[in-house]
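Number of protein chains: 2
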Amino acid sequence: MPSNIHSHESREEYPPTLRYDVTPSDRDVIKRIVEGTGFFRTDEISVAVELIDERLKKGDASGYYFILAEMVGIVTGYACYGPIACTLGSYDLHWIAVDPAYQRRSLGRILLREVERHVLQNGGRHIYIETSGRPQYIPTRSFYQQCGYQIAAVLPDFYDRNDDKVVWRKIL
Amino acid sequence: MPSNIHSHESREEYPPTLRYDVTPSDRDVIKRIVEGTGFFRTDEISVAVELIDERLKKGDASGYYFILAEMVGIVTGYACYGPIACTLGSYDLHWIAVDPAYQRRSLGRILLREVERHVLQNGGRHIYIETSGRPQYIPTRSFYQQCGYQIAAVLPDFYDRNDDKVVWRKIL
Chain A
1 MPSNIHSHES REEYPPTLRY DVTPSDRDVI KRIVEGTGFF RTDEISVAVE LIDERLKKGD
61 ASGYYFILAE MVGIVTGYAC YGPIACTLGS YDLHWIAVDP AYQRRSLGRI LLREVERHVL
121 QNGGRHIYIE TSGRPQYIPT RSFYQQCGYQ IAAVLPDFYD RNDDKVVWRK IL
Chain B
1001 MPSNIHSHES REEYPPTLRY DVTPSDRDVI KRIVEGTGFF RTDEISVAVE LIDERLKKGD
1061 ASGYYFILAE MVGIVTGYAC YGPIACTLGS YDLHWIAVDP AYQRRSLGRI LLREVERHVL
1121 QNGGRHIYIE TSGRPQYIPT RSFYQQCGYQ IAAVLPDFYD RNDDKVVWRK IL
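Chains A and B supply the protein sequences, listed in that same order.
All the letters of the first sequence, read from the start, carry residue numbers 1 to 172 under the numbering used here.
All the letters of the second sequence, read from the start, carry residue numbers 1001 to 1172 under the numbering used here.
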């Protein structure tokens, strides 16, 4: 799943508050962040919204867990992850996005680290991240690499012709 | 996703009737077939039933399409497939299973060919099948190979420790 995180995050000032419960009002906030990145296609944005809708409807049973980064009450980024069905210990990072106005503050890195901590606490062994092989994603790939992820598989033309799927994995 | 299809299917007698709509009564039939194979874990069986529940609730919008093989009105096997979200032209074969009492009649092959025909008709380019790397699946892998599928990726320890995910792909 997509992310708009770039590798050159640096400012560590104003550490965010992390929140683990989502409320109905987060739906529009998340949609705004995802749209605001200018990074995602309409169908991708719909999927991002579907995940929070499922979470709001079914809670933990949805299999979608959220971590929201807030600064003085304003949501500045979020991650969505969950266990992969029919596996023991494999998790997907479904989504990670940071409001463009708040990038370069290590928010992506803080969110991803927190996801890893939670997955490990719940007995997870692996985290998988699926990204596109398109040039647009070069900074994203660089971010995952710096966070200790490695390429586990490449599926040529998976998303579309000339749009490969790259599967990243971190063994916890 | 799992399948209990073996490679040494041979008898072509009694060609099955294929059906593309599912009814609430198919729910128990599919559960019985999947359980009857003795091939799947309880959590895998739950997922098989979830897919038909989603289909019954949401129709095409579920993204799950079914093909059922019938002989004189008795469902003897089925396949479930669908487009992969956020891709253009990539499909997953979610499930394929044949009632053990009706194996060795090429039902698996007939079902898989029909899935491929439908995917192609709908502009699909690729079909993906995810299977376990455990020895139990050697005959299944042989079946996919004979049907023209190739290994696109192997993810070590994905399902569990010592239980790899093997991703098969056919380019249509």
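Glycine residues also receive a C-beta, built at the ideal position from the N, C-alpha and C atoms.
Beta-bridge pairing of residue i - partner residues as DSSP gives them
i               : result
H94 (chain A)   : Answer is none; H94 (chain A) lacks a bridge partner.
R169 (chain A)  : A:Y128, A:Q150
P1083 (chain B) : B:Y1091
V75 (chain A)   : A:E70
D1163 (chain B) : B:D1160
Chain-ordered chain A contacts of residue i [CB-CB under 8 Å]
i               : result
D1160 (chain B) : T87, L88, G89
Residue i in three-state terms, based on DSSP
i               : result
L1088 (chain B) : coil
R134 (chain A)  : coil
D66 (chain A)   : Just to set this straight, residue 66 (chain A) is Phe in the shown sequence, not Asp. Strand at F66 (chain A).
T1017 (chain B) : strand
F1158 (chain B) : strand
G123 (chain A)  : coil
T37 (chain A)   : coil
P1024 (chain B) : coil
D53 (chain A)   : helix
D99 (chain A)   : coil
R109 (chain A)  : helix
E141 (chain A)  : The residue asked about is misnamed: residue 141 (chain A) is Arg in this sequence, not Glu. The answer is helix: DSSP assigns R141 (chain A) an H, G or I state.
R117 (chain A)  : helix
R1032 (chain B) : helix
E9 (chain A)    : With a pLDDT of only 49 at E9 (chain A), under the threshold of 50, the placement of this residue in the model should not be trusted, and no figure is reported.
K58 (chain A)   : helix
Proximal chain B residues relative to residue i, where beta-carbon distance stays under 8 Å
i             : result
E44 (chain A) : C1086
Listed by chain order, chain A residues near residue i by CB distance under 9 Å
i               : result
V1047 (chain B) : A85, C86
Contacts of residue i in chain B (Cβ-Cβ under 7 Å)
i              : result
A152 (chain A) : L1155
Residue i at chain E interface by Cβ criterion, 7 Å
i               : result
D1160 (chain B) : Among the chains of the structure shown, chain E does not appear; the protein chains present are A and B.
Three or more C-beta pairs under 8 Å: does that hold for the segment 103 to 121 of chain A against the segment 77 to 87 of chain A? Judged by Cβ distances under 8 Å, the segment 103 to 121 of chain A makes contact with the segment 77 to 87 of chain A, as three or more pairs qualify.
Please determine if the segment 1124 to 1141 of chain B and the segment 130 to 137 of chain A are in contact, where contact requires at least 3 C-beta pairs separated by less than 8 Å. No, because fewer than three Cβ pairs between the segment 1124 to 1141 of chain B and the segment 130 to 137 of chain A fall closer than 8 Å, the two stretches do not touch.
For the segment 1063 to 1078 of chain B against the segment 1040 to 1047 of chain B, are there 3 or more C-beta pairs whose distance is under 8 Å? no
Are the segment 1083 to 1096 of chain B and the segment 1121 to 1130 of chain B touching by the rule of at least three beta carbon pairs closer than 8 Å? Verdict: yes, contact present.
Touch check for the segment 1048 to 1062 of chain B and the segment 161 to 170 of chain A: three-plus C-beta pairs under 8 Å? no
Tell me whether the segment 1053 to 1069 of chain B and the segment 1142 to 1160 of chain B touch, counting them as touching only if at least three CB pairs, one residue from each stretch, are closer than 8 Å. no
So, do the segment 1013 to 1024 of chain B and the segment 1094 to 1111 of chain B have three or more beta carbon pairs nearer to each other than 8 Å? yes
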